[in-house]
Structures are given as structure tokens and as C-alpha cells.
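Heads up: the structure comes next, in C-alpha cells.
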Amino acid sequence: MIEWSDELSPFDYMMFRADADPHSRTTIMTVELLDEVPDRAAFRQAMDRASRIVPRLRQHVVAPLVPMAAARWVIDPNFDLDYHLRWISLPAPAGLREVLDLAQIDQATPLDPHRPLWEVTVIEGIDEGEARSALVWKLSHAVVDGIGGMILDRVIRSEERHPKPEATPPVPEPEDVSALDLTRSAARDLPTSLLRQGLRAASGALGAARRAVSDPSGTADEALHAFSNLAEFKLTAPAPPSPLLAERSLHRHVVAYDLPLSALRAASKAHGCSVNDAYLAALGGALGHYHDTMGVPVPAVPLAMPVNIRAPDDTGISNNWATAMLALPTDQPERVRRMQQVREQVLAARSGSTLDPARLVAPLAVWLPDAILAGAGPATLGIDVQASNVPGHPADRYIGGAKILSNVPIGPVPGVALMATMVSQAGHCYVGVNLDTAAVTDTDEFARSLEWGFEDVVAVGRPPGAGSAADGAA
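Per the numbering used here, the sequence shown starts with residue 20, numbered consecutively.
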């Protein structure tokens with residue numbers, strides 16, 4: 020069962036507000052190529068059913084006029100499913116490049132904050148390999164993170180081309196709640212809320228005092244752990260920013276790459292690493308190759324990576340991750356050692372401070388003006404690169420009678436030079452890199468470097484004698 024809360028956490032609300040500024044926009048997108056054009060009626064029915072099972076698809080955000088209480092997800096009384104479903108056709112023959120060019124423009128357009136925060140566009144006129152249509156999914160990061168998106172996927176798509184019809188739940192009851200309503204309610208509840216907070220603080224202090232008396236050694240361990248957390252907490256970049264990637268703009272370009280999951284798995288498992296280690300090592304190799312080609316070699320670039328902090332049985336779709344920061348090695352010619360260096364840093368980040376900068380700031384961010392909040396992204400910490408790795412579903416997926424052949428994940432670029440996202444789906448790894456073209460000025464060269472970086476890492480998992488172009492280059 021999918022879980023959700025009607026109250027926005029401070030972190031989710033910060034993500035919602037960030038969409039107001041084009042430099043900090045957090046919109047998530049996915050481009051999918053399909054083997055045929057989805058049946059309109061079946062596609063609409065699938066999305067209608069999903070919006071009833073997961074009311075978040077019918078909810079919009081309502082915030083109090085003054086941040087005296089949390090913003091809320093409210094069932095939109097004016098919900099119009101057909102507003103969120105778009106059908107267009109590109110001049111044939113159109114391929115993945117044309118769809119990606121369209122998607123990067125669409126990502127720059129903010130979602131309507133007064134409606135549910137998602138849109139999907141069906142694109143006809145595609146002719147690339149087996150693909151005859153495309154889907155462009157657009158979703159606010161305030162709604163869901165990558166792992167939550169995979170949970171949502173189970174409701175929207177199916178494992179059969181023509182699944183048996185399932186019962187459609189009733190339409191969620193609309194709510195007519197305004198910002199003024201929330202403000203008035205918060206004002207009425209303010210004395211009680213302050214009293215509760217005071218009682219909770221007093222109760223916590225009393226409980227701590229009792230524990231100190233009954234279990235002095237345990238209390239000392241808790242205090243040491245808290246001080247250790249603070250000591251290990253860092254607000255500085257793990258490596259100097261790259262001079263080559265210093266410029267920032269609003270211009271974007273998406274580069275796509277894909278490879279078999281088995282290739283990355285073989286390369287990583289052969290050397291005691293994970294698929295994620297191999298992915299980041301390939302990205303580091305690609306960035307090193309690009310820097311060398313452009314004549315500005317660097318030993319490492321500062322990278323931020325979301326780490327899933329869900330419990331194994333957590334089925335919530337909202338954001339539930341913390342940030343790990345790495346000095347991604349770019350000048351290590353030994354690809355196995357590069358994987359191991361990545362692994363050492365990832366393990367250190369996971370075992371380090373559990374404090375997360377974004378979540379520490381989030382409760383205070385509700386009081387910050389939009390102009391200040393927009394500049395509070397990872398770029399302020401000197402981060403050049405963001406990378407995300409989302410494990411998808413192992414089986415083929417269908418929607419509206421059409422099979423999903425491939426996808427390109429497109430993450431947001433909130434003030435960094437590039438955002439790399441990898442999704443593993445049906446035995447394949449799909450990589451999408453969203454570039455700020457002021458930072459990455461030669462996008463064709465970066466695309467070649469990306470291919471080189473993955474080939475370089477994958478080569479270590481091949482049987483002896485099975486060479487590759489990357490072997491010679493390495």
C-alpha cells in the first residue's frame with residue numbers, strides 16, 4: 020500500500036518553493052520511447068485510476084499566508100485530468116534527439132503551482148528503431164523522489180501489454196481549502212500549539228534527566244554520538260570546484276547513454292564494488308576525459324549524491340533521502356582503483372554524520388524570501404556535479420497497450436554544472452545527463468567522453484581477450 024501525508028514536510032515545501040526560480044527549479048522528467056502509440060482511452064483510464072489510488076496526483080499545494088503552520092496537500096476541487104494529459108505530434112521522422120530537445124525546453128517551463136504538480140505528454144511521429152511514440156513525464160520534486168517515482172510507477176504501468184481490467188476506486192473527495200483558511204486555523208490553534216511544544220520540550224528534558232540518573236553510561240554515549248555527529252558534519256565542498264565548469268546559465272542540453280546492467284554489474288562485482296560504485300567511477304572517468312580534452316585537467320570534482328534513507332518496508336512517495344558529498348576522482352587512470360576510491364568515500368559518507376544540510380535549513384527556509392531561498396542550493400557549497408542512481412523494475416513495462424523500449428531520466432540542475440541520473444530498468448541502465456551549457460560548452464565532446472567513461476569501466480568486467488576502444492584509450 021502506498022503511503023502519503025497531507026502535510027508538506029519543511030523539506031518538501033522548500034522543494035516546492037524552489038520551482039519559482041528558474042535557477043533552482045527542481046522539476047523531474049523522464050523521456051520514454053514506446054513501440055507504438057498508446058491507446059488514448061486505455062492511457063487515460065490508467066492515469067485516472069492511478070490518480071484515485073494515489074490522491075497526490077489530484078492534490079495541489081495550499082500554504083498559509085504567514086508560515087504559522089505547515090503547507091498542505093489538498094484535493095483540488097477543480098481537478099481536470101485532461102489538463103495534465105497532452106497529445107502532440109512531431110514532424111516525422113523524429114527521433115530521441117528531437118524529443119530530448121523538446122523535453123529540455125519543457126523542463127524550463129514551471130508547473131502551475133495552483134494545480135497538481137505533474138504533466139505527461141504523448142508524442143506521435145517518432146521513427147527511431149522500433150519506437151513509434153514517446154512519453155515525456157514531468158513532475159515536481161516536491162511530489163516524489165526517484166525511489167518514490169518507482170513506487171508510483173507500479174500503479175501507473177503494468178507488466179502486460181493488455182492487463183485484465185481492475186476495479187477503479189471512487190473519486191477522492193475534493194477539498195475547498197484556501198490559504199486564508201489555513202492561516203485562520205493556525206492563528207486559532209497557536210496558543211494550543213505553543214503549549215504542546217512547551218510540554219514536549221519539558222517532557223523531553225524530564226526524560227533525558229531520568230535516563231541520566233537510571234543509565235548514566237547510556238546517556239553519555241548518546242551525548243558522545245551527538246557531538247560526533249556535529250564534529251563530522253561538513254558544510255564545505257569535498258574538492259575544489261573545477262575552473263572549467265565554473266560558469267552558470269539557464270541553458271540546458273540533455274545527453275543520453277545506455278548499456279546493459281549486466282556489464283556494469285560484472286565490472287563492479289569482480290572487484291568487490293557495487294553497481295553504484297561502477298556508475299560513479301564511469302562518470303568520474305568521463306569528466307576526467309572531458310577535462311583533459313579541453314586542456315584543463317583536474318584531480319577531482321565535487322559531487323553531491325542523494326542517499327535513500329527509507330526503511331525497507333517504507334512505501335511513501337515523498338522525498339526521503341539525505342545528501343552525501345564526494346570528491347569524485349577524475350585523474351585516476353586505474354579504473355579498478357577509481358571504483359575503489361569511490362566506494363571508500365561512499366561508505367565513509369554513509370557512516371559519517373547523519374545531519375543533512377538541506378534538512379537542517381528546511382525548517383528555517385519557510386521564513387526566507389524567495390530570492391534568498393533560490394540561492395541556497397548545492398552550488399553555494401561549491402558543488403559542480405549532482406548524480407543520482409535509481410533502481411527500477413526488472414521486468415518490461417507497458418502503458419496504454421504500448422511497450423516501453425527505453426527511457427532517459429532528466430534530473431534538475433539547481434545551480435550545478437550538470438546532473439547525471441541513472442535508472443536501471445528491465446536489465447538495462449539508462450543514463451541521462453542534464454548539462455548547463457555555460458559550464459559544459461562542448462556538448463558533443465562531453466557525449467563522447469561519457470561513452471568513453473562507461474566503456475573504460477565496463478572493460479574490467481569483460482572476459483580476458485575481449486578488448487574495447489576504451490582499453491586502448493586508457
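Think of the CB as a built atom: it goes at the ideal place given N, C-alpha and C, for glycine as much as any other residue.
Take the Cβ of residue i as the centre, count every other Cβ of all protein chains shown within 10 Å, and call the residue buried at 16 or more, exposed below.
| i | result |
| --- | --- |
| L243 | A caution first: L243 carries a pLDDT of 49, below 50, which makes its placement in the model too unreliable to give a value. |
| S407 | buried |
| K288 | exposed |
| L249 | Since pLDDT at L249 reaches only 40, below the 50 mark, its modelled position is unreliable, and the value read off the structure follows with that caveat. Answer is exposed; the Cβ neighbour count stays below 16. |
| S261 | buried |
| A206 | exposed |
| R356 | exposed |
| L100 | exposed |
| D79 | According to the sequence provided, residue 79 is His. The question's Asp does not apply to it. Counting Cβ neighbours within 10 Å, H79 comes out buried, since at least 16 surround it. |
| A186 | exposed |
| S152 | buried |
| R102 | Note that residue 102 corresponds to Tyr in the displayed sequence, not to Arg. Y102 is exposed by the Cβ-count criterion. |
| P428 | buried |
| G168 | buried |
| S43 | buried |
| I124 | exposed |
| A367 | exposed |
Compare the Cα-Cα distances from residue i to each of the options and report the closest residue.
| i | options | result |
| --- | --- | --- |
| A122 | V174, L52, L299 | L52 |
| V174 | A205, N97, R71, Q78 | R71 |
| T202 | L130, G401, P348, V85 | V85 |
| C292 | F98, L424, M358, V155 | M358 |
| S443 | N426, G419, A69 | N426 |
| E55 | Y102, R91, G114, I145 | I145 |
| Q405 | E147, R416, A256, D125 | A256 |
| G446 | A285, L109, H103, I47 | A285 |
| L302 | E138, R77, A346, A82 | A346 |
| R180 | M441, W137, A414 | A414 |
| L299 | L283, D67, E117 | L283 |
| E266 | R207, V409, I47, G401 | G401 |
| A10 | R91, N295, P189 | Examination of residue 10 is not possible in this model, given that the chain is present from 20 through 493 alone. |
| P74 | D40, R116, P135, A39 | P135 |
| M324 | P318, Q64, G430, P110 | G430 |
| F98 | P112, P191, S28, S24 | P191 |
| I170 | P110, A69, A113, I94 | A69 |
| R176 | L424, Y417, V432, R467 | Y417 |
| L322 | V432, Y276, G167 | V432 |
| L115 | A150, A61, G420, H133 | A150 |
| P112 | A82, P132, G314, E143 | E143 |
| P410 | V326, E363, D475, A367 | V326 |
| N200 | T462, A37, D31, V93 | A small correction: the amino acid at residue 200 is Asp; Asn does not occupy that position in the sequence shown. For the residues T462, A37, D31, V93, the minimum Cα distance to D200 belongs to V93. |
| W137 | E117, G148, T312, V162 | V162 |
| E147 | L424, W471, R467 | L424 |
| M313 | T462, D403, H412, P189 | T462 |
May I have the straight-line CA-CA distance separating residue i from residue j, to the nearest angstrom?
| i | j | result |
| --- | --- | --- |
| I107 | R59 | 12 Å |
| S268 | T45 | 15 Å |
| M33 | F473 | 34 Å |
| E464 | K422 | 32 Å |
| P259 | V365 | 18 Å |
| F35 | D164 | 13 Å |
| P279 | P193 | 45 Å |
| H290 | A305 | 20 Å |
| L119 | T460 | 18 Å |
| V196 | R77 | 14 Å |
| L104 | V139 | 5 Å |
| T342 | D350 | 24 Å |
| E26 | D172 | 22 Å |
| V450 | P348 | 19 Å |
| L469 | T440 | 13 Å |
| P352 | V435 | 25 Å |
| G420 | C448 | 23 Å |
| R354 | P184 | 50 Å |
| H310 | R369 | 29 Å |
| D40 | I47 | 15 Å |
| V294 | Q360 | 14 Å |
| A297 | A82 | 42 Å |
| L437 | G307 | 14 Å |
| A319 | F62 | 46 Å |
| D31 | D475 | 38 Å |
| M66 | A37 | 27 Å |
| P182 | S24 | 30 Å |
Does any residue of chain C bring its CB to less than 8 Å from the CB of residue i?
| i | result |
| --- | --- |
| T46 | Going by chain labels, chain C is absent from the structure shown, which holds only one protein chain. |
Quick check for students: name the residue ranges of the alpha helix (DSSP H) that lie wholly in the region 84-161, counting only runs of 4 or more. 100-103, 115-126
At a cut of 8 Å, does the region 83-97 reach the region 463-481 through at least three beta carbon pairs? no
Segments of 4+ residues assigned as alpha helix (DSSP H) that fall wholly inside the region 42-86: With a minimum length of 4 residues, the continuous alpha helix (DSSP H) runs that stay inside the region 42-86 are 59-72.
Would you call the region 116-131 and the region 153-164 in contact, with 3 or more CB pairs under 8 Å? Remark: three or more beta-carbon pairs, one from each stretch, lie closer than 8 Å, so the region 116-131 and the region 153-164 are flagged as touching.
Between the region 268-278 and the region 450-458, do three or more beta carbon pairs fall short of 8 Å? Contact between the region 268-278 and the region 450-458 is present, because at least three Cβ pairs lie under 8 Å.
Fully enclosed by the region 263-291, which beta strand (DSSP E) runs are 3 residues long or longer? 271-279
What are the uninterrupted segments assigned as beta strand (DSSP E) that are 3 or more residues long and contained completely in the region 442-489, given in chain order? 447-455
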